Every structure is written in C-alpha cells, then in structure tokens.
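The block underneath contains the structure these notes are about, expressed in structure tokens.
There are 2 protein chains.
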Amino acid sequence: MSERNRTVPRVGMVGGGQLSRMTHQAGIGLGVDFSVLATSPTDSAALVCGSVTLGDDRGLDDVLAFAKAHDVVTFDHEHVPEPVLRAVEEAGGLLRPGRAALRFAQDKLRMRTRMAELGAPSPRWRAVTTLEHVADFAREGGGWPVVLKAARGGYDGKGVWVVADADQAREVVDRAAAEEVPLLVEDKVAFSRELAVQVARSPHGQVAVYPVVETVQRDGICHEVIAPAPGLAEDKAVRAQQLAIEIAQALDVTGVLAVELFETADGVVVNELAMRPHNSGHWTIEGARTSQFEQHLRAVLNLPLGSPRTNAPYTVMANLLGGRDPEVYRRYLHVMARDPEVKVHFYGKDVRPGRKIGHVTVTGEDYQDLLERARDAAAYLRGDDQ
Amino acid sequence: MSERNRTVPRVGMVGGGQLSRMTHQAGIGLGVDFSVLATSPTDSAALVCGSVTLGDDRGLDDVLAFAKAHDVVTFDHEHVPEPVLRAVEEAGGLLRPGRAALRFAQDKLRMRTRMAELGAPSPRWRAVTTLEHVADFAREGGGWPVVLKAARGGYDGKGVWVVADADQAREVVDRAAAEEVPLLVEDKVAFSRELAVQVARSPHGQVAVYPVVETVQRDGICHEVIAPAPGLAEDKAVRAQQLAIEIAQALDVTGVLAVELFETADGVVVNELAMRPHNSGHWTIEGARTSQFEQHLRAVLNLPLGSPRTNAPYTVMANLLGGRDPEVYRRYLHVMARDPEVKVHFYGKDVRPGRKIGHVTVTGEDYQDLLERARDAAAYLRGDDQ
C-alpha cells in the first residue's frame, strides 16, 4: 500500500509495451498507484510511467519480486511462462487474470479443447505432430488449404500459417518439430469478415461487454477496426457478446478478455482469445464512455466497472505501421494538420518497417468517411505517398 | 532532443500540480517527450510522470536549468516571478507563453490596463493604495459593495475581497499595505452568471476556440462547469469567443488562454485571464475532440491544433473537494458503482477539507440531469451525506 494514502491499491503491469503505456494513461485518471515491469527504460510504457521496475518480464525472480511489491499484478502480454505464474501464485502473489485463466490464452490446444467443452462455435481442429496427421485432417474435411498454428508463442500473424498443400505443410511441420513447438491444424474458415468483442469481468463477477467490432486484417496484422461492425445482424451481435461473457465466466477471466471471431453465413466462430486490453479495443479510448484500459484496471482492482456505451455512432481505429523512413515526426505534423479531428496515439517506439508505432482514431456518423480518413492518416505516416 | 528519436521535441512543464498531471496524460498520446519541474516527489504530476526534475519551480537556478534541458518550457501556474522569466529568456530559454504575455496573467493592474487599451469590456476599476481611494471609487460609481483585488498572487478566491463598506475595506487596505501588495478596486458587476472560454494559439498564429461554458462558483471556488453554457444567446457566445481570440492575439499568448467572464444584461465583461489549461476547461477531456491539455501541448510545440468540436450536446464537470474524512477510497468506489457513466479524475492528492482532489465529468443530452449526477458524485465523495 502507498505510504501516502494506504487505501489506494498498488497495481503492477508486467510488460512495458504500448498496452501498459495506455493502461498507465488510464490509471492517471483513476488515481491508482500504477507501476510497470519493463525490460528496458526505452520500452513504450517505461518512457512515460512514473513508476518503472526494470527486470525480466518473463522470469521468476523479477515477476515474483514485482508481485510482492504490489497488491495486484496484471499483464500486457501472454508470455510469462506457466511455471512462473504458478510459483508466483503459490508464493501469495495476486495475479489477475490468474494462471488458471491465462493458460487458455497461452496455449491454443488447451483453448480449443476448452471451447469444445463449452460448446463454443469453433473451426474443426486437431493436434498434429506429423505431415500425415495434417494430410488426414485435410482429406477428412474440405481439403486444402488448411491453417497450421503453433500452440504457444504466436501473435500478430506469427505462428499462423495458411498452407495450400502437403509441400507447404511439410515445411511448417518440420520446423515445428525441430523447434519442439506443438502444432494444431484448423479448417480455413470461409468467413465473410473478422469480428472482435471485448468483455471485462471483475472478481465480483460483474461483466461489461462492448459492441462487436469489425477488424480489417492484412497479412495477419490488424490494420483497421470499425466499431460497431457495420450492418452486423442483431442476432449475431448478441450471440458474439453472449459468447464473450460465457467464455469470461467459464474461464474465470478477471480483466479484459478479447474474443476474435470469424463471421460466417451461419453465425460466428471463435478464432483467438486474449486476456488483456487488445488492439481491437483501442477504439474505446475515444469511442466509449470507459476505455478498455480503464475497464481493465477497474476489473483487476475489483472496482465497479464503467459504462461501455459508445460516444458516437461509429468509431474507426487504424494502426500506424512504420515505413522505410525512421524520421516520422514531420509526417506526423502533416497528419495533424490535414485532419484536426484525427486522434493520434504514438507509442514512443523507434520506427521499423511494419512495426506498430501508434494508432489513430476518428469518431463520427459515416463509417466509410471515417475509415477513409483513418487510412489516409496511417498511409501518410507510413510514407505510402512517396 | 531525445537520444532515441531526435526529431521528437522535449517539452517541460514548470509546476507539479494537477494541470501538469493531466498534460502529461495528454502528452502520452501525442508521443512527445514530456517532463515536469516539481517541488516534491509527491506532487500530483510527479506521482505519475515518467520524467520528473525536482527543484524550486519559482527559482531562477532551477527554472533556468530546466529550460536549458528542454526545447520548450510551459507552466502549470503563474507564480514564476517576472525577473526569473526574463533571465531565462535572456539566457535563450524558450518559454511558451513568454514573459511578455505572462505578465498580464500575473498582474491584474497590467491586465486591466491592457484590456482598457484593447477596448475589451471590463468592470470600472482603479489602482488604489488608501482607504480614501476606495471610498472615492465607491462614491463615484454605484456605491458599496466594491471588489478589492490583490494585483498579484491571487487565485481561487484568495486575493479577492467583496467589501460591503469602508470598515471592511480598511481591513483589506491595511493588510495589503503591511504586506506591500498592490491593490485594485473594481465595481461589483451585476452579473447573471459567470462564463469562461478557452482559446489555444500557436506561435504560427493558428487559433482554436472552444464553446463558451458556464462556471458555477461558490465562495470564490469553481464547483461546476456546464459546456456549452445553457441558453447563452448566440451573439454573446460569439462575442466571448471573439474576445478570447483578440486577447490571445494582442497579448501574443502561446498555449491555452482561459478568459473568465461575467454575463450581464448588456453582454459579457472580462473578469480574469489564465495562460494555461484551466479548471473551466477540464470538461474538454471527455467533452471535446481535443482536450485543453492536448491543445496546450500542440500550441506550445507549434504543432497544428486539434479540433475543439464537442463530443456531446452537453458536458458537465464538477470539482471533487476534500471533506473531513481523509480516507476517500471507499467513497470513491461507491461513486463509481452508483453511476457507471461518471468519469472520475483523481489527482493523487492527500485529502484536506475544501481542497480540489479531483473532478468528475458526465456527457449527455440533458444538462440538468448531468449537473445533478455530477453534483451527486462530488457530494458523496466529500461526505455531505453523513
């Protein structure tokens, strides 16, 4: 507890990325005592946070010491190994979400098994270790292509391979075997678009769910989010929100859960889970009464949750990806000058091609117009005009 | 310039209060390199800011060193003495606003003189040193009461005295003489309500003006702000905005200028000026596309200004003032639980009766409803129910 006001809880976030950075920003308003465990003083969150612990954000010693120094610990990534989480909890550290929930976000095999138990709509899937398994799976279903996934460690398109035939599958299977990465295979879902939904759940069991959004992905990276998903049928929207709530409850998630979904002709299908603020929820900073970052803090601190109501008919978020030019500041000024309503969020990261260095958000009535403006800003910043 | 990305400017804010705290919050999104000069590590901004310089935020040595370490320096208060500002500018420090502008916010006699030169509507006023001066002023005008003001050092109702007769005036005049505080006297304006307007101006000369708001004051302290001011006649609103722009230009203000006004039957009358983000503009965090804090940073950094457009028909802000109970956290939870749409901003300050420890904001359609909800939150937190 803080020396100054002993009733204000101390919350620590493991990982110094942009999710911690934006959670810090939300924590300032809440007035909570927020710290980050970062690996470097130039990590996105470490650059701006008033209380930074430097250390190994995946290692037992540093995570344990961090947990002992805080009333509650949460995460900006899923990469703390399960044995570390277990040891910290056994030593009395309060993790939210806890190990028992996080393991479903850390391991896609466990996740798929659990989704099947819950009856959550999922693609056909199977654990595989050999090329024969993959070929059998393809033959028994709709044939090639199929999707191979690393069960652990993948994010942002890494660890996911759409393979068109046995030759392509062999390459992935051989590499996975060499690196001892467990694999699963899934049907390539014939989706009309990708959706996502955020739900927050507190230890009290209070939940707050945000509108279902459309995520526009290219090359496995989220480029834009449109909130709410335009033209989404009411029954699909409600089903997606119910699914998110059911999963959060069944898995005993505390904090924000992001459920990524495929929309198909028949309904929605669960693609991925993340138990933290998520790129598909950045729109909530401007677009909702309570941002996902504030909501995550309220949830992990067992505070009453805030309203997830939207502030505008539509909100569009576009990720800012680095281009070839590392000097981005001048381009940034032009983005501001061109559209005074665009809200820019910069993460303080060095620019590398394809790296997420920030995002922009625009709110308004006409999502096509908002999408165009958000894309313009992102394209200009990346240097696509040159 | 930062070692990491030399094109991102370093901005420093003198003073560690809640205005710096909320400016830091806005700076995180902008991705600028923001530091604060605070007197104590427990100052409101120092608790949360990633880069804090401890020192005397009114003294030459520390302000000068701070200015040399930053590309541009701005202020969360008006209390840096003019000779210090002058010396820093002469040594090459870049102050925004600069000394030439700030002296009009620091000295009410200079301000009134300048407003008269500009033809800005003002109450009748006069510099006074004796009781006879005050009595003469009252006799020549509408009689008692009149308003006595300390020309320098006053804020939040301190340094302003409404005196009902010569006896009351004598007390103030004698104390001011003993403390060598220059005084002015003003007519007590027969106002229908108090208004305020924020304008931002960049060194380029770009300006952005916010809607005129109503400020509800009690005992010289701002309790609530309603944005925009309900039922304000269009011509008065436009006049107030024009006045703010004219004053910002004439005084060469860079950053945010807050103009506090009286509304009278005939129009609007200038009451006070502040050249920084101001309590009457806190509503912009949720209520406008660009908050006054982001706008202030954009202005002092000579970035293109953001849109001041409102996000909702009405936004109401209520200040949270400390009550007798220093343990406020439990009450705070109830405020959150009672109204999930109330946005709470806590400043991290120890609770003292009457001290501004935070504010709440609510946005919506019906300002009476919003005002009631904001007042409820503030009253509950203060402990008025007990």
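Protein chains in written order, with our numbering: chain A, 178 to 563; chain B, 178 to 563. Positions of the beta carbon are idealized from the N, C-alpha and C atoms, including for glycine. Everything numeric in this text was worked out from a predicted model, so none of it was measured.
Local conformation of B/A465 per DSSP, three classes:
strand
With which residues is A/N496 paired in a DSSP beta bridge?
A/H536
Proximal residues of chain A, C-beta to C-beta of B/L207 below 8 Å
V521 and F523
Going by C-alpha to C-alpha distance, which of B/V191, B/F523 and B/L272 sits closest to B/F252?
It is B/V191 whose Cα lies nearest to the Cα of B/F252.
Using a Cβ-Cβ distance cut-off of 8 Å, determine whether A/C226 contacts chain B.
yes
Which complete alpha helix (DSSP H) runs does the segment 409 to 450 of chain B hold, if anything under 4 residues is left out?
411 to 427
Report all residues from its chain with a CB closer than 7 Å to the CB of A/F281; omit the five preceding and five following residues, and keep chain order.
R287, M288, R291, L428 and L450
Is there a C-beta anywhere in chain A that falls below 8 Å from the one on B/S217?
no
Chain A contact residues for B/A469, given Cβ-Cβ distances below 8 Å
It should be pointed out that residue 469 of chain B corresponds to Gln in this sequence rather than to Ala. Those within 8 Å of B/Q469 in chain A number zero; the least Cβ separation is about 15 Å.
For A/L207, which residues in the same chain have their Cβ closer than 7 Å to its Cβ, ignoring the five residues on either side in sequence?
Spatial neighbours of A/L207 in its own chain (CB-CB distance under 7 Å, excluding positions within 5 residues in sequence) are listed in chain order as E471 and L474.
Expressed to the nearest angstrom, what Euclidean distance is found between the alpha-carbon atoms of A/D516 and A/D546?
A/D516 and A/D546: Cα-Cα distance of roughly 12 Å.
Answer yes or no: does any C-beta atom of chain B fall closer than 8 Å to that of A/L272?
no
For a contact defined as C-beta to C-beta under 8 Å, what are the partners of B/T184 on chain A?
E504, V505, Y506 and R507, listed in chain order.
Cross-chain neighbours of A/Q163 in chain B, by beta carbon under 8 Å
Lying outside 178 to 563, the shown extent of chain A, residue 163 of chain A is not represented and no answer is given.
When DSSP labels each residue in this structure, what does A/L286 get in the three-state scheme?
helix
Using the C-alpha atoms, what's the distance from B/V493 back to A/K285?
46 Å
In the DSSP assignment, find the beta strand (DSSP E) that holds A/T392 and state where it starts and stops.
V390 to R395
Just checking: is the beta-carbon of A/S369 within a distance shorter than 8 Å of some beta-carbon in chain B?
no
Which first and last residues belong to the alpha helix (DSSP H) in which A/L196 is found?
Q195 to L207 is the extent of the alpha helix (DSSP H) around A/L196.
With DSSP as the reference, please indicate the residues paired to A/Q375 in a beta bridge.
Answer is A/A435.
Should B/V519 go down as buried or exposed, given a rule of 16 or more other Cβ atoms within 10 Å for buried?
Counting Cβ neighbours within 10 Å, B/V519 comes out buried, since at least 16 surround it.
Evaluate A/H381 with the Cβ neighbour count: other Cβ atoms within 10 Å of its Cβ, from every protein chain shown; 16 or more gives buried, anything less gives exposed.
The residue in question, A/H381, is exposed, as its Cβ has fewer than 16 Cβ neighbours within 10 Å.
Going straight from the alpha carbon of B/T307 to that of B/L279, what length do you get?
28 Å
Using the beta-carbon of each residue, which ones in chain A are nearer than 8 Å to B/A514?
P481
Here's the rule: buried if 16 or more other CB atoms are within 10 angstroms of the residue's CB, otherwise exposed. What is B/G418?
The question names Gly, yet the displayed sequence has Gln at residue 418 of chain B. When all chains shown are included, B/Q418 counts as buried.
Within 8 Å (strictly less), CB to CB, does B/G193 reach chain A?
For B/G193, the answer is no, since every Cβ of chain A falls outside 8 Å of its Cβ.
By alpha-carbon positions, which one of A/P359, A/V537 and A/P485 ends up nearest to A/G330?
Comparing Cα positions, the closest option is A/P359.
When DSSP labels each residue in this structure, what does B/Y491 get in the three-state scheme?
strand
For B/E518, would you say it is in contact with chain A, using Cβ-to-Cβ distances shorter than 8 Å as the test?
yes
Among A/A410, A/A264 and A/E504, which residue has its Cα nearest to the Cα of A/K245?
A/A264
Within 10 angstroms of the Cβ of B/A328, are there 16 or more other Cβ atoms? Answer buried if so, exposed if not.
buried
So with CB distances below 8 Å, who are the chain B contacts of A/S484?
Listed along chain B are P517 and E518, each with a C-beta nearer than 8 Å to that of A/S484.
Less than 6 Å between C-beta atoms, sequence neighbours within five positions excluded: which residues of the same chain meet that for A/F314?
Only residues of its own chain outside the window of five on either side were considered, and among them R303 and V362 have a CB closer than 6 Å to the CB of A/F314, listed in chain order.
Which chain A residues are close to B/A558, counting only those with a beta carbon under 9 Å from its beta carbon?
The identity of residue 558 of chain B in the sequence shown is Leu, whereas the question assumes Ala. Within chain A, no residue comes near B/L558; the closest Cβ sits about 11 Å away, beyond 9 Å.
Beta carbon of B/R515: closer than 7 Å to some heavy atom of the ligand MN?
Absent from the structure shown: the ligand MN. Ligands present: none.
Based on Cα-Cα distance, which residue from B/A385, B/V402, B/G525 and B/G236 lies nearest to B/L420?
B/A385
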